[in-house]
Structures are given as structure tokens and as C-alpha cells.
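In my numbering, the protein residues as written are 7 to 771.
Quick reminder that beta carbons are idealized off the backbone N, C-alpha and C, glycines included.
Read the structure below first, then the notes.
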């Protein structure tokens, strides 16, 4: 079990690591040749020029101004100086609201920490229950555990203090959440009202277009919307399955990059032609001339791309029963996106289209009918992933509670009894091993989300974040507590009857805070400080800059600014909310470590958002209901944990007083959902009409059709050379006529004569 000395060793290692990372960053960011690594956002916005291009030769690479090293920590006040409205203009609402999650953590936990240390810590410390348990029940504990609820005797009246504090913590947390939800909802509506024109404001995605033997998908879509939205429909673009073409273009680009690399290598040493092997990754196969081989591969791929492009344009199987439909007004798009289109609720399904850069084009080709099966398979796979990951988590817990293992494996005792080694193993090693195990998790969860068929990058990240949070809740928290308690109190369990084990667990669960303290220091202190150093992007940028960069465009591609990474960052924050709310009442000693995380993370990520990250999309903070809901779930879980804990501590009579807490919290969540969530899932028609009216007044001659015509063309057709004939692919008509020629048999709702029947009704508009 980690003692106070073990925590001190871990704190020293992590504080030293964090300081090393921060000082290294403060020095490296001053060097001219690192400027593009630490300020890429300003380069992408065209607001910064490279200091490498001017000055003496040495000064192009090393900053020789000694005064800048004296002020090497001025990045902290510079980061905090930018006001929030300017930050929104600079980085977007998503980035600004993401930072507010860290501020929310401070708003919640600073008062909680002050109250807990002023009231609960003295109440816990002035008892001797653990000392008696050590003698009578062979219970193992450390000095830190004396500050927890475990140190209060069985059935003590002092538990009423914890009940009162649980009410105080709940009311304060709900108050802070309500204020923040209202503020973010207001920010979102103001942002939507003030932002400039975007294609997604006028566009909906229509899925499950019913098949028609007489008309193509494009004709069916045009006919349906001209009939049912005659005054607002503008244009549409059908969804094309161009995934194979996109893969070929991506592969060709990779080959071109290798060709550039080999040509550059040959130019530096013309006496020797570069060679490569034709097998997988160049590891085996016939050895050939690298330049000739890559040239022939590019020619082969170019031919395949041309053939695939022709197939996509002519093969009806490549046309998906879906389309992006654009309207003349935001009001018309809002009505269509938020209403049912046909009597069959499974046909003509409409939803708001994501902005073009947010769309995950590969999933548009997935048939709608297969989504349910895909999500079932992904859920089963996630269950097994969570289940099998319990094995390494249990191994980590065996390291964290090594005294119990020593009794069963005495041959290890001579190695781990050395004081520093023991402190290192118990105070540092479990947290770092757990962090290593979790490195690959985000990639696995993102693959699952893509398999499920979500259509936008933002929805992929939100889905992955939800699963990441569930995984952290089950494995990082529950399994760590249960397995850790089992190992920690192994000797006590062996000498007790089964009826007495729940009481021992009730005492031991609060004592697991020592493990989470070490994890917070590694993940939340050293890990966050390592984020600002950007060691991996730094190394890769200089390697690419040395070997591959020949033009300014190449240099921009080598910068790799990255993005916030909502699917990894938000679950990390939610884990700290969970730990803080669960342990605020039972083990308050954990709260200061969480506060350090929120302060450090806020400063670091604010700097990264201002100077580094280039967000891929803008969802106008649509993720906030998820953030709010997960904090509420953590609060309810902490209340249930406290109820169960007090029942094992002989305070069952207090349960009726605690039952009201989850009821009140869930009622509060229902109120917030009804009051504020509509601002995040719907677009008010009043707001849409106001924005349309203002736009018509300011730009009466706006050609909206030209603006929206190719907004949702697949990138492989928009960006690839020599392919400007988008009309052939999408079959979009450019004439302004509202009459709809149709190939199907005459129907009463057809607004023009049918090509097949001359008896078609002409009464429709």
C-alpha cells in the first residue's frame, strides 16, 4: 500500500518531470527553427512569417538574444491575456467552450476542497478506527487514510457531518452546472446568430430515398422536394460512393511523396541511384531502381484512377439513396431538417448536414439499413474490449498493493524491500503502466465509431468520447477499486467470514484514493505538461523538413498542428470529475491534486488552442449536453457510493436522508434537459428568419445557388486535377425552372406533365 513517503516520491518525480517539460518548451519555443512547431496556427492563418529567412546564419537556427531567455516564462501571461470573445473569433466556439470545461472544474472543486479540508478532514483525523482495525482485524492502512471516512468508527454519529456535506456539495455542483449550461447555451445562440454564411446553414442530409424504377436518385430527390418544398428548394447533390477512388488517389499521393524523396536523395548523390524492394514496405522482394519503380507505380495508379472515375460516373450502383439538399433560406432548411417528410417514418429521413469539412465521407456510402447491425456488432466488441482489459488493470493493481503479494510470494521480498524501490513501485509504476496500457485505446474506439457509420468527424469523436468515458468508469475506476481492495486487504479477507467482507470493503474503498493520486500526478501533471512540449510533432517536423520539404506547401503540410482531440481530452476530464465527486466526501485529500490538474491543463490547452491546434470542424459547442450529462452521472454515482459506504459502516439509518440526493439530482438533470438542450439540437425558426431577413437586406443580389452548388461535392472530384465536370457526376440541373419533368407514371402530385402520360394533372403549382 502506498504510504505518505511513496506519494512524496511520486509527487517529486512527476513535479520534476512537469517542470522539465515546461522549461524545455519555454526554451525550445524561442528557437527560430522550431517556430513552425510551436506556432503553426498563426502560419496557417497567414499572420506569422518564419524568422529563419532573415538574419545571420547562426541566428536563423538559435535565438542569440539573451533577454528573451530572461523572459522565457512570459508565455503564461500571454496565454491568459486573450479575452474570450477574441478567442472565439480566433479559434472558434468549440475551442472556447472546451476550455470552459476546465474552468467549470475549478468552479466546482475549489469551494468543495475548501469546505472539505475545513470540516471533513478534522472530523476524519480525530478518530482512531483504523488503528483499532489494524490490531483487531489486521487491516492495512497508511497515514493518508487517516484523513478519509475509513477512520471513523462503525456506527458513529459523526457520519451526519458527511451527509450534510454531501448535500452541500450536490447543491453547489448543480448550481455551477446550471449557470454554465445557461452561459454556454447563450454563447451558442449568439454564435449561430452572428457567424458568417456557411453551406450547412442551408443544407440538410436526406437518407433512405425510396427506390424508383422510373427515376434515378437525383430525379427522385429533385421531384420530391420541388413538390413538397416548392418555395424553398434550391439544389441538391446526390451522395456518391467514391471510397475506392479516394483510396487510389491517396495511394498515388503516397507514391508521389516517395518519388520526391528518392529524387531528392539522388540529387544529393548522383553517383548512386537509390534502390528499393518491391515487397511489403520495401522489406523483401526483388531489388529495383527506386525512382523507376515509383514512376511506374504512379503511372499504373493514374490509369486505375481514370478507369475508376469513369466507373463512378456511369455505374448506377455508385449512387447512394441519399443526397445533400440545399434551400433558398435557413428557415426552409430548418423546417425540413426538423420535420417528418413522409407518412412512412423510415423513408426520406432528414437531418442537418454537417459543415463540409466536418463530413466523414467514407461513411456516406454505408447503406442505412445496415447501421443497426453495425452498431450492435460495435457494442458487443466494446463489451469484450472492456471485459478483457480488466486483466492488465488487475495486474497494475497488484503492483499498487504489493504488501499483500509479498505474503504469498516471499521470494520477491528481498528485491522490493529497498525503500526507494518500494516507493517507486507503489507510488509511480502502477500509474505509468496504466497510462501505457491506455495509449492505444482511443485509436481502437475511433475505429469502432467509424464502423458504426457516423457521418461527421464531430459525431465520431463524441461517440468515441462516450465509450472512452464508459471504459474509464468501468476499468480505470471500478476495477481499480475492486481489484485494488482485494489485493490490498488480501490478508484480512482470508481471516474473515464472507458476511464480514462487505464491511472491510466499505473501509478499504476510500483508501484506494492513494492509487488515484499517483495516477492523477502522472496523467494529469506530467502528461499535460508533456502535451505542450509536442515532442513527437517536433521530431517529425524536422525529419520531414530535412528530407522531404522542397516547397512552402510541403513545409505547411509538415507542421501537423493537430486538434483538440475531443475523443481523448473530454473523457480524461470526466474521469477527474468522477474521482473528485466520489472522493470529495469520503477522502478529501485527493481534491488538491485534481485542482492542480485543472489549473495546469487550462493554461496548457489555452496556449495550444491559441498557437497550435487547427480545429478540423466547428460544431458550435454541440457537445456540451454530453459534458453536462456525464458530470451529472458522476454526481449520482458518488451519491450511491456514499449510501452503500455508510450502510457498511453501520449508518444505515441515514439512508432515507441520502435517497433524496439522487432523486433531486436526476430531477435537476431533467429540468436542464428541457430548458437548455433544445438550443443544442434544434435551430429556432425565429432565429433562422431573422438571419435570412438581415441577409436579404444586406445582399439583395446574392447568388446563393452558385455558393451552394458544389459545397458538398466529394473531395476526390473537387480537388483532383483534370476533373471539373461535376455536373456529369451529380446530375444537378442548373436551370431555374420549378417544373419537374418526371419519367414515372402520372400522379396527382406531379407538378408537370409526365413524359409517359399526357393526361397528367396540370393544376399543381
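Item, Value
"Check whether the segment 545 to 553 touches the segment 619 to 629, counting contact only when three or more Cβ pairs, one atom from each stretch, lie closer than 8 Å.", "no"
"Cutting at 7 Å between CB atoms, please list the residues of its own chain near residue 450, excluding the five before and the five after it.", "391"
"Rounded to whole angstroms, what's the CA-CA distance from residue 6 to residue 279? Just pull it up for me.", "There is simply no residue 6 to check, as the chain begins at 7 and stops at 771 in what is shown."
"If distances are taken between C-alpha atoms only, which option among 683, 698, 153, 211 comes closest to residue 194?", "683"
"Check each candidate in 131, 33, 150 and name the one with the smallest Cα separation from residue 164.", "131"
"With three or more beta-carbon pairs closer than 8 Å as the criterion, would you say the segment 178 to 193 touches the segment 105 to 121?", "yes"
"Can you give me the C-alpha to C-alpha distance between residue 442 and residue 533, rounded to a whole angstrom?", "11 Å"
"Could you compute how far the alpha carbon of residue 218 sits from the alpha carbon of residue 239?", "21 Å"
"Which complete beta strand (DSSP E) runs does the segment 206 to 268 hold, if anything under 3 residues is left out?", "209 to 213, 239 to 246"
"Using 8 Å for Cβ pairs, my map puts residue 243 next to residue 102. What's the rounded Cβ distance?", "About 32 Å separates the two Cβ atoms, so there is no contact after all."
"Residues in the same chain with beta-carbon distance under 6 Å from residue 638, minus the five sequence neighbours each way, listed in chain order, please.", "675"
"Look up residue 352 in the DSSP assignment and say whether it is helix, strand or coil.", "coil"
"For the segment 528 to 544 against the segment 593 to 604, do three or more pairs of beta-carbon atoms, one drawn from each stretch, fall closer than 8 Å, so that the two count as touching?", "yes"
"Check whether the segment 702 to 719 touches the segment 197 to 214, taking contact to mean three or more Cβ pairs, one atom from each stretch, closer than 8 Å.", "yes"
"Threshold first: 4 residues or longer. Then list the alpha helix (DSSP H) segments lying entirely within the segment 663 to 736, N to C.", "684 to 687, 691 to 704, 710 to 714, 721 to 725, 732 to 736"
"Assuming residue 353 and residue 214 make a contact with CB atoms under 8 Å, what is their CB distance in whole Å?", "5 Å"
"For the segment 322 to 340 against the segment 576 to 586, are there 3 or more C-beta pairs whose distance is under 8 Å?", "no"
"Could you name the residues of the same chain whose beta carbon sits closer than 8 Å to that of residue 141, not counting the 5 residues immediately before and after it, in chain order?", "For residue 141, the predicted structure reports a pLDDT of 45, less than 50, and the residue's modelled location is therefore unreliable. A value from the coordinates is still provided. Excluding residues within five positions, none has a Cβ falling inside 8 Å."
"Examine the Cβ distances between the segment 224 to 235 and the segment 245 to 260 and report whether three or more of them are shorter than 8 Å.", "no"
"Cα separation between residue 254 and residue 36?", "41 Å"
"Within the continuous beta strand (DSSP E) that includes residue 329, where are the two ends?", "325 to 333"
"Verify whether the separation of the beta carbon atoms of residue 252 and residue 722 is less than 9 Å.", "yes"
"Pull up the distance between the alpha-carbon of residue 630 and that of residue 668, whole angstroms please.", "22 Å"
"Any idea if residue 581 is buried or exposed, counting beta-carbon neighbours within 10 angstroms, 16 or more meaning buried?", "buried"
"What do you get for residue 477, buried or exposed, if any count of 16 or more other CB atoms within 10 angstroms of its CB means buried?", "buried"
"Using DSSP with H/G/I as helix, E/B as strand and the rest coil, what is residue 282?", "strand"
"Which of the three DSSP states, helix, strand or coil, is assigned to residue 372?", "coil"
"Locate the alpha helix (DSSP H) running through residue 312, then write down its first and last residues.", "296 to 320"
"Is the beta carbon of residue 565 closer than 9 Å to that of residue 54?", "no"
"Buried or exposed for residue 370, please, with buried defined as at least 16 other CB atoms from any protein chain shown within 10 angstroms of its CB.", "buried"
"With DSSP collapsed to three states, give me the class of residue 624.", "coil"
"Residue 516 and residue 155 look like a contact to me (Cβ under 8 Å); what is the Cβ gap, rounded to whole Å?", "5 Å"
"Distance check for residue 185 and residue 122, CA to CA, integer angstroms please.", "23 Å"
"By the three-class DSSP mapping on this structure, what secondary structure does residue 357 have?", "strand"
"Have a look at residue 380 and residue 472 and give me their C-alpha separation to the nearest angstrom.", "17 Å"
"Less than 7 Å between C-beta atoms, sequence neighbours within five positions excluded: which residues of the same chain meet that for residue 569?", "619, 620, 621, 622"
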